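Let me begin by presenting the structure, written as structure tokens, before commenting on it.
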Amino acid sequence: MLTYIARRILYVIPILFGVTLITFVLFNLVGGNPVYQKLGKHGSEAEIQLLSKELGLDRPLHEQYLFFLKQCVTLDFGRSWSSNQKITDMLSNGIGASLSLTVPAFTISVLLSILIALGAAFFRGTIIDRGLVVFCLAGMSISMLVYIIFFQYMFSFRLGVFPITGYDPSLAGRWTYLILPMIIWIVVSLGSDILLYRTIMLDEIFQDYVRTARAKGLSEKVVMLKHVLKNAMIPIITNIVLEIPFLYTGSLLLEAFFGIPGLGGMTVQALYNSDFPVIKAMTFIGSMLYVFFNLVSDVAYAIVDPRIKLE
Amino acid sequence: MTVATATMNQISTQTQMPKSLWADAISRIKRDKLALTCGAIIIFYALLALLASLGLIAADYAQTNPQGFSPPSPDHWFGTDMFGRDVFMRTVHGTRIALSIGLVTSLIAIPIGVCLGAIAGYFGGKVDDLIVWFYTTVDSIPDLLKIIALSYVMGRGILSVYVAIGFTTWVGLCRLIRAEFMKHKSREYVLAANALGASHTRRMFVHILPNVFHIILINFSLRFIIGIKTEVILSYLGLGVEPGQPSWGIMIDDAKQELAQGVWWQLAAATGAMFFIVLSFNIFADALRDALDPKLRNK
Numbered sequence: 001m002l003t004y005i006a007r008r009i010l011y012v013i014p015i016l017f018g019v020t021l022i023t024f025v026l027f028n029l030v031g032g033n034p035v036y037q038k039l040g041k042h043g044s045e046a047e048i049q050l051l052s053k054e055l056g057l058d059r060p061l062h063e064q065y066l067f068f069l070k071q072c073v074t075l076d077f078g079r080s081w082s083s084n085q086k087i088t089d090m091l092s093n094g095i096g097a098s099l100s101l102t103v104p105a106f107t108i109s110v111l112l113s114i115l116i117a118l119g120a121a122f123f124r125g126t127i128i129d130r131g132l133v134v135f136c137l138a139g140m141s142i143s144m145l146v147y148i149i150f151f152q153y154m155f156s157f158r159l160g161v162f163p164i165t166g167y168d169p170s171l172a173g174r175w176t177y178l179i180l181p182m183i184i185w186i187v188v189s190l191g192s193d194i195l196l197y198r199t200i201m202l203d204e205i206f207q208d209y210v211r212t213a214r215a216k217g218l219s220e221k222v223v224m225l226k227h228v229l230k231n232a233m234i235p236i237i238t239n240i241v242l243e244i245p246f247l248y249t250g251s252l253l254l255e256a257f258f259g260i261p262g263l264g265g266m267t268v269q270a271l272y273n274s275d276f277p278v279i280k281a282m283t284f285i286g287s288m289l290y291v292f293f294n295l296v297s298d299v300a301y302a303i304v305d306p307r308i309k310l311e
Numbered sequence: 312m313t314v315a316t317a318t319m320n321q322i323s324t325q326t327q328m329p330k331s332l333w334a335d336a337i338s339r340i341k342r343d344k345l346a347l348t349c350g351a352i353i354i355f356y357a358l359l360a361l362l363a364s365l366g367l368i369a370a371d372y373a374q375t376n377p378q379g380f381s382p383p384s385p386d387h388w389f390g391t392d393m394f395g396r397d398v399f400m401r402t403v404h405g406t407r408i409a410l411s412i413g414l415v416t417s418l419i420a421i422p423i424g425v426c427l428g429a430i431a432g433y434f435g436g437k438v439d440d441l442i443v444w445f446y447t448t449v450d451s452i453p454d455l456l457k458i459i460a461l462s463y464v465m466g467r468g469i470l471s472v473y474v475a476i477g478f479t480t481w482v483g484l485c486r487l488i489r490a491e492f493m494k495h496k497s498r499e500y501v502l503a504a505n506a507l508g509a510s511h512t513r514r515m516f517v518h519i520l521p522n523v524f525h526i527i528l529i530n531f532s533l534r535f536i537i538g539i540k541t542e543v544i545l546s547y548l549g550l551g552v553e554p555g556q557p558s559w560g561i562m563i564d565d566a567k568q569e570l571a572q573g574v575w576w577q578l579a580a581a582t583g584a585m586f587f588i589v590l591s592f593n594i595f596a597d598a599l600r601d602a603l604d605p606k607l608r609n610k
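These protein sequence lines are chains H and W, in that order. Mapping to the working numbering: the first sequence position 225 is 225, numbers consecutive. Take any residue in the second sequence, note its place counting from 1, add 311, and you have its number in the working numbering.
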């Protein structure tokens with residue numbers, strides 16, 4: 001077990017190394033010269049040279065890569081090209097707003113979908129279950145952007161229940177601005193979550209131990225809650241752990257649309273400003289969190305289920 | 312000898328020949344009315360897309376009119392947009408763009424996923440380690456950031472949408488194909504092919520591939536959903552097709568200012584068009600999976 005965990009942890013290193021390599025190739029080789037993007041078409045020769053030097057783009061590629069690698073290791077990504085703020089400061093400023101939006105929304109949507117999925121599994125094969133599946137698929141067939149546009153129009157513009165956009169950084173004041181984005185997050189994630197959890201639960205329902213539980217005369221309610229749900233929780237929790245890294249970016253679309261100054265909105269802004277260092281930092285940190293939570297879920301799984309070994 | 316043949320004949324007439332996987336799948340789908348309807352809707356959209364790209368229908372989609380934002384009327388079924396262009400025709404042309412994204416990204420992603428997955432699963436060892444490292448790395452970068460980064464460096468336009476989605480969405484298929492090849496490579500039929508002197512390439516692509524083809528087919532139908540939905544998000548971020556093009560993403564993005572002015576028809580048309588095709592692909596892919604993957608049946 002310990003060797004498995006040790007090997008699994010060591011495996012993180014080549015993966016993160018690969019991420020830096022891909023990010024670097026994407027932005028520094030394929031992306032063309034960012035100086036032109038920054039200066040526009042009218043930069044003079046002298047300006048271009050000055051800026052290239054300032055940004056370290058006149059150095060040979062391997063030096064630039066090593067510099068980027070150093071940034072990733074120390075988690076110090078330098079300064080933003082557009083606002084000249086330190087990127088570490090930008091990250092610590094934005095994370096609060098992002099998490100205030102995503103953590104409550106994520107928690108509610110997970111609990112709600114587990115509950116509904118349990119109901120669907122209970123009524124499996126009946127018209128209620130079939131209807132729910134089609135309803136979820138229908139909900140998933142509408143673009144998130146449409147939900148955002150429609151909900152904002154309906155609840156903020158027409159009914160005036162929520163503010164249209166904006167944000168209040170104080171801890172108490174922010175919620176009025178966050179409720180509508182949260183509702184949209186929940187509505188958008190319910191469909192796919194319910195279907196996923198329903199499939200996981202149905203996987204358990206046809207197992208032998210469930211038949212045994214029924215055979216010894218337990219009621220369907222007890223079977224569902226004590227046996228099926230308990231065993232289904234393992235894959236469900238794994239799935240939840242794997243979704244956690246995405247919470248830190250908040251939601252690119254929701255934050256950009258509602259003017260919430262979180263990391264997602266920051267990324268979209270960086271995109272509009274050709275702010276490569278910010279996008280690179282976000283990409284690397286996003287990948288790092290993903291790799292980390294993947295590790296957590298694998299190790300947790302190996303502890304719960306000793307049959308799993310690294311192949 | 313003759314007695315034996317006679318009994319054999321008797322047996323074969325008495326017991327029904329077992330159906331092949333594909334014949335069984337087709338008969339299952341034929342019985343599923345909902346899946347058939349969805350298949351018909353997909354074919355209908357494909358037909359619209361084909362006719363539109365040949366210029367046979369909705370050819371005047373770019374025709375502007377001084378009077379913009381006219382509501383739905385017999386002249387313009389779905390009304391007109393800001394520049395007085397016919398929303399119905401734009402929606403029909405949107406079908407062409409939407410389906411082309413699914414198709415072209417499949418042509419990029421499926422070969423990558425299948426080849427890498429087949430090589431990794433079949434050969435194992437160092438090659439497998441390398442490929443697994445590669446796809447795990449690609450997979451570690453959050454999807455949306457990957458797609459955004461790639462389409463960002465490629466610039467705006469339909470080509471960059473194809474490339475960005477195509478080169479980033481092969482990992483799932485690669486994983487499945489690798490796992491299947493690992494299972495299949497030591498099966499008897501592959502060993503028999505080996506004994507007959509079939510080369511590695513032949514064993515991989517002539518013998519094993521047809522047996523895992525259903526996975527590719529299911530993945531193919533799911534790719535359209537990813538393509539259509541991603542295009543909308545890219546359009547919102549200003550990374551999609553050129554603004555003048557009649558894609559559903561552009562239409563929905565345009566609508567974010569229009570709704571407050573009471574102009575709902577462009578949003579409704581694009582959303583409706585998208586809804587039916589994505590829902591059809593969702594249900595059809597589900598039916599396909601049930602029909603082709605016996606392990607998932609009765610769920």
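Virtual Cβ for every residue (Gly too), placed ideally from N, Cα, C. All figures in this text were calculated on a predicted structure; none of them were measured in a lab.
- Contact of W/S558 with chain H is not assigned, every C-beta pair being separated by 9 Å or more.
- Ranked by Cα distance from H/D76, the first of H/Y65, H/L66, H/S82, H/T88 is H/T88.
- Legend: CB atoms of the segment 124-158 of chain H lying less than 8 Å from CB atoms of chain W belong to residues V134, L137, A138, M140, S141, I142, S143, M144, L145, V146, I149, F150, Y153, F157.
- Listed along chain H, the residues sitting closer than 9 Å to W/M585 by beta-carbon distance are S141, I142, S143, V146.
- Selection H/M154, H/C72, H/T102, H/E47 evaluated against H/F17 yields H/C72 as nearest (Cα-Cα).
- In this structure, DSSP gives W/T406 a helical state, which the three-state scheme calls helix.
- Any Cβ of chain H closer than 9 Å to the Cβ of W/F380 would place that residue at the interface, and such an atom is absent.
- For the C-beta of H/I22, the chain W residues within less than 8 Å are, from N- to C-terminus, T448, V449, I452.
- Counting other Cβ atoms within 10 Å of its Cβ, W/H511 stays below 16 and is therefore classed as exposed.
- Under the DSSP definition of a beta bridge, H/K86 partners with H/R79.
- I279, M282, T283, G286, S287, Y290, V291: these are the residues of the segment 274-299 of chain H whose beta carbon lies less than 7 Å from some beta carbon of chain W, given in chain order.
- A distance below 6 Å between beta-carbons, with the five flanking residues on each side excluded, links H/F257 to the following residues of its chain, in chain order: I148.
- For W/Q378, the closest of W/R513, W/A566, W/M393 by C-alpha to C-alpha distance is W/M393.
- Looking at the backbone, the Cα of H/A97 and that of W/A571 are separated by about 27 Å.
- With contacts defined by Cβ atoms closer than 9 Å, W/V482 and W/Y446 form a contacting pair.
- Collapsing the DSSP output to three states places W/D371 in coil.
- In the structure shown, W/D564 falls within a helical segment according to DSSP collapsed to helix, strand and coil.
- Put simply, the backbone Cα of W/L347 is about 29 Å away from that of H/I205.
- Contact between W/V415 and W/A369 does not hold, since the beta-carbon distance rounds to 21 Å and is not under 8 Å.
- When Cβ-Cβ separations below 9 Å define contact, H/F106 makes no contact with chain W.
- Counting only unbroken stretches of 4 or more residues, the alpha helix (DSSP H) elements lying wholly within the segment 201-241 of chain H are 208-215, in sequence order.
- Here H/F135 is exposed: its Cβ has fewer than 16 other Cβ atoms, across all protein chains shown, within 10 Å.
- Looking at the DSSP output, W/T391 shares a beta bridge with W/D397.
- Here the alpha carbon of H/I183 sits roughly 21 Å from the alpha carbon of W/D564.
- Spatial neighbours of H/Y65 in its own chain (CB-CB distance under 6 Å, excluding positions within 5 residues in sequence) are listed in chain order as F24.
- Contact annotation for H/F27 against chain W: A460, V464 [CB-CB distance below 8 Å, chain order].
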